[in-house]
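Engineer: Take this structure first; my questions come after.
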């Protein structure tokens, strides 16, 4: 009999996520007979997207998304093929390739309302719909364009620049005519950023100080700081912002495992003195913004097709390896979008 | 012979400003013979405006305005009558009532380019041009309207609500149909706020905690937090902001005398979770914004004339009393705009 490999959530981590917080289980599974509710579909999962925000679902604290449930499969954005549909489903049909929230599993029964049929684009691999054309891409584009408002010739600094969002922020900003500076956590990643056309990049783990690095690499100050990391780097970047600078705040990965959050020292002074705009963002706001979505699809599909955005995936094969991949991603092992090929 | 009373800047304070940091001097002065340069004017000062931002000019640290010079008169926004004009001045004439940056003095020789002739409005006292129709009024209106974007029915919370800016923020917000909550540093001030039509107000010095006070007085959360104080109150307000809330950051008076700034703990988390916009403001940006200026004059002059904004001045007579008035204002002694009647 066939089986379904799933990854269950076992326990709320304190600090770093470890393998013991997740459990890989293999259960007998018959895709032809498993119960599929009237409004549900059965999906054969092809790709899963692992993202740092998921750490927030592994806490009991109220967050902008619901916590994972102990004993239930973890969830992720994914791509799959529709294998069966419930009686009242007419939005998708068997054989469709869809994207939406699925379980960390080979097979997943999910509400039909939670997926949409994928629009395929010439010369764009399917899994890119979880990255540059999916949630991280829209996060990057939406935050940069709608909050950052980058203008030609301005300096855009991106932290976490070698991550799924950061790589796209930097390259979109380059295509908009900006000088782009990135930081990342290894010399290898810094090299990748420079190869991708970043004007400057530095390894935040080996610089003398964040302040010195920003002074060196952003000699004209920072007009847009796209913040993926929060904490001490945000404090340092505030020192280097230009008058009327914009700070889209996308993530605070430096803080997700901190038991005591790093407190920002000079926020008000810099905000007032330089009339900075600091604004948090969530991709969910962008999905419902038609104008932005149109710009995103137009700009980013054509950048990808023309090679003006280079895009990396860090693909790990097998859903049973998802826990290790997730843990590695939280520690910064990946360059580019973390994908599980199921 | 006539004299000119001036207040000189004596020394950079550390922490609170004291009388020893300023010096009142009376020097022989003949307004008919004092040197007035070709581009200058001699003004008989009528009113001076004292404002918390001046504390920032009393430090050696680089700020958004130049530091005061040791041994020279302190400066302030003021209103005066033009007594003499230099050879090449044609923008104003003798007898004009003007407003601009003047010295803390009875007489002040200043560049003609630094003043503008006052437009007088029916039923509006002259000194109001230093307050509700001047810098604090425009600060309040500009920050509230252009960053706060208050919508009818929303909750607007203002800290430092009994100050020159806060009083106007609250009343403009009321006129825009918002529920308005204010905090201030004495029960007397709280009473004033309630008398002015604030829906709720509290004394931040006597509440159990800022968090508890905000929970009690803003049961539906905060949509716009107009921040005059920074520090711990900003941290508390972040906890109570609603999704898509806006925080115009106008001042951080709680921090101006702090040798160690209070560090903000949960900024990134709240920013992202609730997609907050936090933006610093300076009135100088608004003077050059024609659309905003037109709205300001139209709205606020008519509010004042119709009694829809009530406006208080804390008038101290005599320039020799300006140092004491300034020190008192920094400690929160004033209710409403601190004015010196020269």
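Chains as they are written, first to last, in the working numbering: chain A, 15 to 356; chain B, 15 to 356. Where a beta carbon is used, it is the ideal one built from N, C-alpha and C, also for glycine.
1. Determine, using beta-carbon pairs with one atom in the region 340 to 355 of chain B and one in the region 323 to 332 of chain B, whether at least three such pairs fall under 8 Å.
2. Residues of the region 270 to 290 of chain B with a CB closer than 8 Å to any CB of chain A: list them in chain order, please.
3. When you compare each of 266/B, 219/B, 116/B and 218/B to residue 55/B by their alpha carbons, which one comes out closest?
4. Counting only Cβ-Cβ distances shorter than 8 Å, please list the residues of the region 288 to 310 of chain A near chain B, keeping chain order.
5. Where residue 272/A and residue 29/A are concerned, what is the direct C-alpha to C-alpha distance, given to the nearest angstrom?
6. Residue 138/B and residue 147/B: beta carbons closer than 8 Å?
7. So, does the region 146 to 161 of chain B touch the region 285 to 303 of chain B, judging by three or more C-beta pairs under 8 Å?
8. Can you list, in chain order, the stretches of the beta strand (DSSP E) that have 3 or more residues and sit fully within the region 252 to 315 of chain A?
9. For residue 244/B, return the contacting residues in chain A, with the cut-off set at a CB-CB distance below 7 Å.
10. Between the alpha carbons of residue 120/B and residue 252/A, how many angstroms are there, rounded?
11. Cutting at 7 Å between CB atoms, please list the residues of its own chain near residue 339/B, excluding the five before and the five after it.
12. Out of 168/B, 172/B, 122/B and 182/B, which has the shortest C-alpha to C-alpha gap to residue 13/B?
13. Quick check on the burial criterion: 16 or more other C-beta atoms within 10 angstroms. Buried or exposed for residue 33/A?
14. What's the call for residue 165/B, buried or exposed, on a 16-neighbour Cβ count within 10 Å?
15. With DSSP run on the structure shown, which of helix, strand or coil describes residue 182/B?
16. Should residue 157/B be flagged as near chain A, meaning a C-beta pair shorter than 8 Å?
17. Just to confirm, are residue 45/B and residue 343/B a CB contact at a threshold of 8 Å?
18. Span of the alpha helix (DSSP H) holding residue 237/B?
19. Helix or strand or just coil, what does DSSP make of residue 75/A?
20. Where do the N-terminal and C-terminal ends of the alpha helix (DSSP H) with residue 230/A fall, by residue?
21. Does residue 171/A come out as helix, strand or coil in the three-state DSSP assignment?
22. Just the C-alpha distance for residue 326/A and residue 248/A, rounded to the nearest angstrom, thanks.
23. Within 10 Å of its beta-carbon, does residue 359/A have 16 or more other beta-carbons around it, so buried, or fewer, so exposed?
24. So does the region 237 to 246 of chain B actually touch the region 222 to 240 of chain A, counting three or more Cβ pairs closer than 8 Å?
25. Using a Cβ-Cβ cut-off of 8 Å, state whether residue 16/A counts as contacting chain B.
26. In the structure shown, what three-state DSSP assignment does residue 12/A receive?
27. Pick from 191/A, 122/A and 277/A: whose alpha carbon is nearest that of residue 51/A?
28. With a threshold of 16 other CB atoms inside 10 Å of the CB of residue 84/A, please say whether the residue is buried or exposed.
29. Return the first residue and the last residue of the beta strand (DSSP E) that residue 214/A is part of.
30. Would you mind telling me which residues of chain A sit closer than 7 Å to residue 263/B, beta carbon to beta carbon, in chain order?
31. Quick one: give me the first and last residue of the alpha helix (DSSP H) that residue 345/B is part of.
32. Tell me, which residues are paired with residue 42/B by DSSP?
33. Below 8 Å CB to CB, which residues in the same chain sit around residue 180/A once its five sequence neighbours on both sides are set aside?
34. Taking all protein chains shown into account, decide if residue 101/A is buried (16 or more other Cβ within 10 angstroms of its Cβ) or exposed.
35. Taking DSSP as the reference, what is the three-state secondary structure of residue 198/A?
36. Quick check: the Cα distance between residue 193/B and residue 212/B, rounded to an integer number of angstroms?
Structural biologist: Based on what the coordinates show:
1. yes
2. 275, 277, 278, 279, 280, 281, 282, 283, 284, 285, 286, 287, 288, 289 and 290
3. 116/B
4. Those would be 288, 289, 290, 291, 292, 293, 294, 295, 296 and 299, in chain order.
5. Taking the straight line from one Cα to the other gives about 6 Å.
6. yes
7. yes
8. Taking only runs of at least 3 residues, the beta strand (DSSP E) segments lying wholly in the region 252 to 315 of chain A are 255 to 263 and 291 to 294.
9. 282
10. 41 Å
11. Excluding positions up to five away in sequence, the list reads 64, 330, 352 and 354.
12. A question about residue 13/B goes unanswered here, because the residues of chain B that appear run from 15 up to 356.
13. exposed
14. It counts as exposed.
15. helix
16. no
17. In this structure, the beta-carbon distance from residue 45/B to residue 343/B does not fall below 8 Å.
18. Premise fails: residue 237/B lies in the beta strand (DSSP E), 236 to 240, not in any alpha helix (DSSP H).
19. coil
20. 224 to 231
21. strand
22. Here the alpha carbon of residue 326/A sits roughly 26 Å from the alpha carbon of residue 248/A.
23. Examination of residue 359/A is not possible in this model, given that chain A is present from 15 through 356 alone.
24. no
25. no
26. An answer regarding residue 12/A cannot be provided, because it is not within the stretch 15 to 356 covered by chain A.
27. The option with the nearest alpha carbon to residue 51/A is 122/A.
28. exposed
29. Residue range 214 to 217 is occupied by the beta strand (DSSP E) that includes residue 214/A.
30. The contact set of residue 263/B on chain A, defined by CB atoms closer than 7 Å, consists of 282, 285 and 286 in chain order.
31. 336 to 345
32. 17/B
33. 154, 172, 173, 174, 196, 198, 240 and 242
34. exposed
35. In the structure shown, residue 198/A sits in a strand (DSSP, three-state: E or B).
36. 8 Å
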